[in-house]
Amino acid sequence: MTNSDVFVCGCQGSGETVDKALQNVRVEGIRFISAQRACRDGITAVLDAKNQTAGARCFVGCTQEQAVFESVADGATSQTIEFFNLRGLLRGQPTGQSSPEAAATVAALAAYETDFQVEPVPAVVFKSQGRVAIVSNSDKQLHHAQTLSNNLTVDLLVADPAGLVLPAKRDLNVLALSVDSAEGYLGAFSLNTRKTNPVDMEMCTRCGACVDACPTQSISKESLTIDLNSCDQSGACIKACGDFKAISFADMSTVTARQYDMVIDCTMPGLFADRQAPLGYWHVGDSDQLLLEAMLDAVQTVGEFEKPKFFEYKSSICAHSRSNKEGCNSCIDACSTKAIKSAGEKIEVNPHLCLGCGACTTVCPTGAIQFALSPATVQGRSIKSALKAFRANAGKKAEVVLHGPDLEHNWLESAKKAAKPASGKAAISDFSLLPIELNHSASVGPDLWLSALAFGADRVTIMQSAVEASHYGEPLAAQVGWVNALLEAIGLQRRVRVLHVGQTDQLFAPSDLQASGVAPASFELSSNKRTRMEFAIDHLVEYAQLKAKVSFAEPIALPAAAPFGAVLVNKDKCTLCMSCTSACPASALIDNPEMPQLRFIERNCVQCGLCVETCPENAMQLVPQLLLGPAAREKRVLNESQPFHCISCGKAFGTKHMIDNMFAKLSQHSMFERNANRLKMCADCRVTDMYSAKDEMTIFEVKK
Numbered sequence: 021m022t023n024s025d026v027f028v029c030g031c032q033g034s035g036e037t038v039d040k041a042l043q044n045v046r047v048e049g050i051r052f053i054s055a056q057r058a059c060r061d062g063i064t065a066v067l068d069a070k071n072q073t074a075g076a077r078c079f080v081g082c083t084q085e086q087a088v089f090e091s092v093a094d095g096a097t098s099q100t101i102e103f104f105n106l107r108g109l110l111r112g113q114p115t116g117q118s119s120p121e122a123a124a125t126v127a128a129l130a131a132y133e134t135d136f137q138v139e140p141v142p143a144v145v146f147k148s149q150g151r152v153a154i155v156s157n158s159d160k161q162l163h164h165a166q167t168l169s170n171n172l173t174v175d176l177l178v179a180d181p182a183g184l185v186l187p188a189k190r191d192l193n194v195l196a197l198s199v200d201s202a203e204g205y206l207g208a209f210s211l212n213t214r215k216t217n218p219v220d221m222e223m224c225t226r227c228g229a230c231v232d233a234c235p236t237q238s239i240s241k242e243s244l245t246i247d248l249n250s251c252d253q254s255g256a257c258i259k260a261c262g263d264f265k266a267i268s269f270a271d272m273s274t275v276t277a278r279q280y281d282m283v284i285d286c287t288m289p290g291l292f293a294d295r296q297a298p299l300g301y302w303h304v305g306d307s308d309q310l311l312l313e314a315m316l317d318a319v320q321t322v323g324e325f326e327k328p329k330f331f332e333y334k335s336s337i338c339a340h341s342r343s344n345k346e347g348c349n350s351c352i353d354a355c356s357t358k359a360i361k362s363a364g365e366k367i368e369v370n371p372h373l374c375l376g377c378g379a380c381t382t383v384c385p386t387g388a389i390q391f392a393l394s395p396a397t398v399q400g401r402s403i404k405s406a407l408k409a410f411r412a413n414a415g416k417k418a419e420v421v422l423h424g425p426d427l428e429h430n431w432l433e434s435a436k437k438a439a440k441p442a443s444g445k446a447a448i449s450d451f452s453l454l455p456i457e458l459n460h461s462a463s464v465g466p467d468l469w470l471s472a473l474a475f476g477a478d479r480v481t482i483m484q485s486a487v488e489a490s491h492y493g494e495p496l497a498a499q500v501g502w503v504n505a506l507l508e509a510i511g512l513q514r515r516v517r518v519l520h521v522g523q524t525d526q527l528f529a530p531s532d533l534q535a536s537g538v539a540p541a542s543f544e545l546s547s548n549k550r551t552r553m554e555f556a557i558d559h560l561v562e563y564a565q566l567k568a569k570v571s572f573a574e575p576i577a578l579p580a581a582a583p584f585g586a587v588l589v590n591k592d593k594c595t596l597c598m599s600c601t602s603a604c605p606a607s608a609l610i611d612n613p614e615m616p617q618l619r620f621i622e623r624n625c626v627q628c629g630l631c632v633e634t635c636p637e638n639a640m641q642l643v644p645q646l647l648l649g650p651a652a653r654e655k656r657v658l659n660e661s662q663p664f665h666c667i668s669c670g671k672a673f674g675t676k677h678m679i680d681n682m683f684a685k686l687s688q689h690s691m692f693e694r695n696a697n698r699l700k701m702c703a704d705c706r707v708t709d710m711y712s713a714k715d716e717m718t719i720f721e722v723k724k
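The opening residue of the sequence shown carries number 21 in the working numbering; numbering runs sequentially from there.
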């Protein structure tokens with residue numbers, strides 16, 4: 021761990037618990053420095069202390085006054101000061117903690133922050149030239165569109181132009197278009213539009229000749245749109261328009277793609293209602309306030325922008341597809357932005373659409389796609405350091421609370437106040453809460469949850485914002501389901517849960533869940549997801565076996581979302597064609613080069629279902645379960661048969677079961693009714709027999 025200085029402010033006496041905690045807290049590689057009024061007259065003392073410690077990273081355990089620190093520190097020190105919300109997190113702890121417990125909490129939170137470092141990742145570039153489409157059902161947004169056109173190139177797409185009054189100056193395009201669908205992202209939106217009026221307002225010069233020529237007076241002078249209910253389509257307006265060709269009835273149903281950099285959507289339910297919207301798109305509905313906010317954002321979204329490439333993908337271990345057969349779709353189903361699509365035998369991720377939720381990495385059974393910005397190895401290492409510091413400072417029960425940045429800054433403190441009963445009695449949970457902010461609550465999954473438990477956490481809680489819960493509540497619940505099924509089966513109780521912002525009171529409610537008692541593991545986290553899960557599970561199972569004095573010889577049944585399991589083979593149907601071994605992406609199903617034999621290594625099975633989809637005999641079935649111990653790594657025979665020998669030359673070809681099945685199905689076929697035994701010959705002998713037979717039917721003898 022890097023040597024670090026952590027300044028903790030007493031906050032003018034309000035941080036008495038912190039001051040007491042600092043007297044006892046000890047963490048390897050960290051020097052805790054108590055400061056008073058650090059954001060005001062004590063700030064000079066902090067900077068002086070920082071300048072005297074060359075090479076050490078500097079942390080301030082308060083984010084409220086970060087702007088003050090940065091303005092004063094600018095030029096006063098050459099070293100960067102880092103900030104984390106220790107004050108707010110401590111104030112949000114369940115009340116009634118003893119000083120040793122507070123010390124353990126301080127130690128854990130500081131250890132995590134000082135240990136956590138992320139390497140840079142490739143950037144994804146967006147380019148915006150300021151072309152904006154405001155999509156609306158009426159002309160209500162015309163004034164706002166005119167205002168925005170002072171800074172950007174604006175098209176107002178109006179589905180119903182009735183009553184529209186065109187502005188005197190054409191400083192923006194007002195178009196009678198409905199939008200069927202939209203695709204794309206900042207700098208590259210494509211809107212599929214359809215004319216809702218015969219007049220093309222982009223080509224129209226507003227000369228008014230069509231109005232004068234119309235025999236039914238169906239054309240509005242203000243909007244230059246045609247009332248289709250009264251129009252007789254005589255063509256007088258088209259003739260009057262002449263070479264401008266701004267009027268056409270023939271292309272009303274034609275869909276035209278229009279390109280924009282940004283989209284402000286005033287329709288309901290919105291163009292991207294079926295997904296999480298991409299960057300550069302604002303859904304404002306009928307709200308003037310949201311429209312104004314979107315306009316302000318749009319003005320600032322011109323130029324070149326970057327965001328991290330959040331994922332890494334290894335197609336070689338992807339279980340999505342083989343030979344046009346579909347297997348695992350977990351990442352595609354979980355992606356709320358529809359950034360992931362099928363691309364033959366692999367998936368394809370559009371990095372511009374990816375917003376970094378990481379849910380794909382959480383549900384991926386093989387680890388083919390992994391979160392790159394703050395990978396599980398980095399998060400897990402820092403959580404391991406935090407839990408080690410917690411135990412070293414006499415901490416009793418630790419609850420790791422994983423959450424995204426969507427929660428309000430002091431959410432834990434607010435949750436504690438809200439959880440306080442009307443009687444005024446304090447919340448009485450005996451857990452120390454260790455909140456860990458992730459890029460997104462769905463960006464880490466079972467491998468990290470189980471590792472946290474193995475490293476000494478007594479419970480893991482995933483706290484979701486309302487938006488996160490709406491998009492990712494279901495896939496996370498499925499993963500938590502199989503993890504808890506496993507924990508219950510080995511006697512450790514359900515120790516992982518998902519909560520949303522409306523359930524924060526449960527963090528402070530008393531619980532019957534006891535400390536796990538698991539001795540903290542020492543293993544280092546592998547870069548391979550399945551290896552991480554195996555190490556964590558093996559450690560937890562080892563403790564459970566010692567505690568219960570039993571061994572788990574029988575497989576543990578798991579829910580369908582589990583990435584572990586077996587394959588059942590119907591031996592009566594299976595012909596040992598070995599199609600499944602070619603399809604299996606994890607080498608769980610393998611053949612035997614020495615004899616007709618289908619073998620299985622359960623440890624490797626990811627339950628992708630490719631074998632089931634590939635099997636021509638429908639002879640296979642998935643069984644989600646976890647087999648523990650050496651048996652999971654052993655090759656076991658699922659089906660075998662004796663080789664079949666040619667009845668003519670004796671050469672082995674195929675299997676006895678396969679030939680018997682084929683003989684039963686084809687021996688009555690007209691092609692073989694006189695020569696059924698050829699089905700029992702090898703290819704060479706079959707040809708020889710055909711040429712030597714005197715009564716062999718030729719193609720010329722086949723009846724028409």
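From the three backbone atoms N, C-alpha and C, an ideal C-beta is built for every residue, glycine too. As the structure is a prediction and not an experimental result, all values here were calculated from the model.
Query: Straight-line Cα distance separating Cys-666 from Asp-709; Result: 12 Å
Query: Simplified DSSP assignment, three categories, for Ile-448; Result: coil
Query: Status (buried if at least 16 other CB within 10 Å, exposed otherwise) for Pro-235; Result: exposed
Query: Helix, strand or coil at Ile-258 according to DSSP, with G and I counted as helix; Result: helix
Query: Alpha-carbon to alpha-carbon, Phe-555 and Val-487; Result: 33 Å
Query: Collapsed DSSP secondary structure at Ser-546 in the structure displayed; Result: coil
Query: Secondary structure, alpha helix (DSSP H): runs of 4+ residues fully inside the stretch 646 to 678; Result: none
Query: Validate contact between the stretch 298 to 312 and the stretch 259 to 270 using beta carbons, cut 8 Å, 3 pairs; Result: no
Query: Arg-295 versus Thr-357, Ala-182, Lys-327, residue with shortest Cα-Cα distance; Result: Thr-357
Query: Cβ-based burial, Leu-195 [other Cβ within 10 Å; buried from 16]; Result: buried
Query: Inter-stretch contact at 8 Å, needing at least 3 Cβ pairs: the stretch 249 to 266 / the stretch 174 to 194; Result: no
Query: Whole-angstrom distance between Glu-633 and Glu-324, CA atom to CA atom; Result: 45 Å
Query: Beta strand (DSSP E) segment containing Leu-519, residue limits; Result: 516 to 520
Query: N- and C-terminal bounds of the alpha helix (DSSP H) containing Tyr-492; Result: 486 to 509
Query: For Cys-604 and Gly-629, the rounded distance between their alpha carbons; Result: 9 Å
Query: Straight-line Cα distance separating Lys-334 from Arg-656; Result: 28 Å
Query: Residues near Met-598 in its chain [Cβ-Cβ closer than 8 Å; skip 5 each side]; Result: Asp-611, Leu-618
Query: Beta-carbon spacing of Val-587, Leu-609 below 8 Å; Result: yes
Query: Buried/exposed call for Thr-595, threshold 16 Cβ in 10 Å; Result: buried
Query: Residue burial classification, Lys-569 (beta-carbon count within 10 angstroms, cutoff 16); Result: exposed
Query: Sub-8 Å separation of Phe-52 and Leu-42 beta-carbons; Result: yes
Query: Distance between beta carbons of Pro-644 and Ala-606, contact taken as under 8 Å; Result: That belief does not hold up - the Cβ atoms of Ala-606 and Pro-644 are roughly 15 Å apart, past 8 Å.
Query: Cross-strand partners of Glu-614 (DSSP beta bridge); Result: In the DSSP output, where bridge partners are listed per residue, Glu-614 has none listed.
Query: Boundaries of the beta strand (DSSP E) in which Phe-410 is found, first to last residue; Result: It is not in any beta strand (DSSP E) - Phe-410 instead sits in the alpha helix (DSSP H) that spans 396 to 412.
Query: Val-500: CB within 7 Å of a non-hydrogen atom of the ligand COA; Result: This structure simply doesn't include the ligand COA, nor any ligand for that matter.
Query: Under 8 Å between C-beta atoms of Ser-449 and Pro-114; Result: yes
Query: Rounded C-alpha distance that separates Val-561 from Leu-646; Result: 12 Å
Query: Same chain, Cβ closer than 6 Å to Gly-465, five either side skipped, listed in chain order; Result: Thr-382, Gln-499
Query: Cβ shell of Gln-641 (< 6 Å), same chain only, five flanking positions each side left out; Result: Leu-588
Query: Beta-bridge partners of Lys-147, as assigned by DSSP; Result: Glu-324
Query: 8 Å contact criterion, which Phe-683 and Lys-700 should meet: CB distance rounded; Result: 7 Å
Query: Straight-line gap, His-689 to Phe-209 (C-alpha atoms, nearest Å); Result: 59 Å
Query: Own chain, CB closer than 8 Å to Ala-435, minus 5 neighbours either side, in chain order; Result: Gly-112, Thr-524, Asp-525, Leu-527, Phe-528
Query: Sequence ranges, beta strand (DSSP E) only - wholly within the stretch 273 to 345, length at least 3; Result: 275 to 280, 282 to 285, 301 to 303, 323 to 328, 331 to 333
Query: Which listed residue (Ala-128, Leu-316, Ala-477, Leu-427) has its alpha carbon closest to that of Ser-405; Result: Ala-128
Query: Glu-346 versus Ala-388: straight-line alpha-carbon distance, rounded; Result: 16 Å
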